[in-house]
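Numbering (our numbering), first residue to last: 5 to 328.
A virtual CB, placed ideally from N, CA and C, is assigned to each residue, including glycine.
In this text, all values refer to a predicted model and were calculated from it rather than measured experimentally.
Here the structure comes first, spelled out in structure tokens, and everything after it is commentary.
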Amino acid sequence: MLRLSIVFLTLLLSSIVHGHEVRPAYLQIDELVTKSDQSIYHILWKQPVVQNRRLPLNPIFPEGCNINDRMPVEVANGALLHHWITDCNLSEAQIQIDGLSVTLTDVMVRWNPKNGDSKNYLLRPENPTLVLASESSQTSSYLLVGIEHLIFGIDHVLFVMCLFLLIQSPLTLIKTITSFTLAHSITLALSVLGLVELKQGPVEAVIALSIVFLARELLLSNPKQSSLTLTRPWLMAFFFGLLHGLGFAGALREIGLPEDTFWSSLLLFNVGIEIGQLLVIAILASITWLLTKLEYKKTGILYASWLVGMVAAYWTLDRTLLLI
Numbered sequence: 005m006l007r008l009s010i011v012f013l014t015l016l017l018s019s020i021v022h023g024h025e026v027r028p029a030y031l032q033i034d035e036l037v038t039k040s041d042q043s044i045y046h047i048l049w050k051q052p053v054v055q056n057r058r059l060p061l062n063p064i065f066p067e068g069c070n071i072n073d074r075m076p077v078e079v080a081n082g083a084l085l086h087h088w089i090t091d092c093n094l095s096e097a098q099i100q101i102d103g104l105s106v107t108l109t110d111v112m113v114r115w116n117p118k119n120g121d122s123k124n125y126l127l128r129p130e131n132p133t134l135v136l137a138s139e140s141s142q143t144s145s146y147l148l149v150g151i152e153h154l155i156f157g158i159d160h161v162l163f164v165m166c167l168f169l170l171i172q173s174p175l176t177l178i179k180t181i182t183s184f185t186l187a188h189s190i191t192l193a194l195s196v197l198g199l200v201e202l203k204q205g206p207v208e209a210v211i212a213l214s215i216v217f218l219a220r221e222l223l224l225s226n227p228k229q230s231s232l233t234l235t236r237p238w239l240m241a242f243f244f245g246l247l248h249g250l251g252f253a254g255a256l257r258e259i260g261l262p263e264d265t266f267w268s269s270l271l272l273f274n275v276g277i278e279i280g281q282l283l284v285i286a287i288l289a290s291i292t293w294l295l296t297k298l299e300y301k302k303t304g305i306l307y308a309s310w311l312v313g314m315v316a317a318y319w320t321l322d323r324t325l326l327l328i
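Take a look at the structure:
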């Protein structure tokens, strides 16, 4: 557990300045026309953009595939959208994602043959190639995406960390995390279904502000004084959970949900987020236990509160200025 805690802190420090997780890339291949020896395909490639720089990820198709890349590149939700047309035989062909092995992101792949069932794949840095028409990852890939989205979404991690440090009672912590889970599950589902639509920019700015609020509560908390945050933290967690659910939905909308397994994929993504939350809490508990043994718990919480507050304040200012 101590080794896992060190890894967690390393990821935290490496990501803390930016506050955004690297969202998965997305490759969709639609077979439009079927011929005896080759077919015509439409290819959608969503290439993630981080800090105004696109990730050096590119799909590599078999030799003989003539890629028509003359269509204009679109920009949407932190990604570049490439639309290509090619004529070749991709059935059972090997496709590779160049550059994936040196990144921390994944690639969701959707294969839609004209005659046959659609298949989903998840490519990871340690396995950047796939053979179309092979056994697919199916909806289980969304479970892993949900886990990674929470763990590498540093703003969500810091929010959960503040809740953990603010609440002393295990029972109250369970109630608060449950309330947070219920709230973000509601807005996640409503947003993905298109019933609630908000731009990601303002949502991410308010999410950062919610972390500033919790960091302030940590610094000013006094057991002798009652406040809504201390007496009924589950109400506060529910309110902010509604906002965080909209943030979770932003990533899910980018990679999309397959129509034939929509509900199961959505459920697995949400379950993945909950697993990620539990992992974060387990790591935080081990770190807190270690600090308590070393008699550094109060000092550690104080420094952590100041650090989180300053970083979240920077995020709030940075994300707000981007809206102007």
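query, result
"Between the C-alpha atoms of Ala29 and Gln51, what's the straight-line distance to the nearest angstrom?", "5 Å"
"Under 9 Å between the Cβ atoms of Gln100 and Pro132?", "yes"
"Hey, out of Asn93, Ile64, Gln42 and Leu108, whose CA is closest to Arg27's CA?", "Leu108"
"Which residue marks the beginning of the alpha helix (DSSP H) containing Ser268, and which one marks its end?", "Phe266 to Lys297"
"Strictly under 9 Å for the Cβ-Cβ distance: is Trp310 near chain D by that measure?", "In the structure shown, chain D does not exist; there is a single protein chain."
"If you count every other CB in all the chains shown that lies within 10 Å of the CB of Met240, and 16 or more means buried, which is it?", "buried"
"Is it buried or exposed, Leu124, if we count other Cβ atoms within 10 angstroms and call 16 or more buried?", "Checking the displayed sequence, the identity of residue 124 turns out to be Asn instead of Leu. It is buried - the Cβ of Asn124 has at least 16 other Cβ atoms within 10 Å."
"Kindly confirm or deny that the stretch 66-73 and the stretch 103-121 touch, where touching means at least three C-beta pairs closer than 8 Å.", "no"
"Among residues of its own chain, excluding the 5 on either side of Ser2, which ones have a beta-carbon nearer than 6 Å to its beta-carbon?", "With the chain running from 5 to 328 in the structure shown, residue 2 is simply not present."
"Quick one: residues in its chain with C-beta nearer than 7 Å to the C-beta of Asn119, no 5 flanking neighbours on either side, listed in chain order?", "Thr38"
"Can you tell me whether DSSP reads Gln100 as helix, strand or coil?", "strand"
"Where do the N-terminal and C-terminal ends of the beta strand (DSSP E) with Pro63 fall, by residue?", "Asn62 to Ile64"
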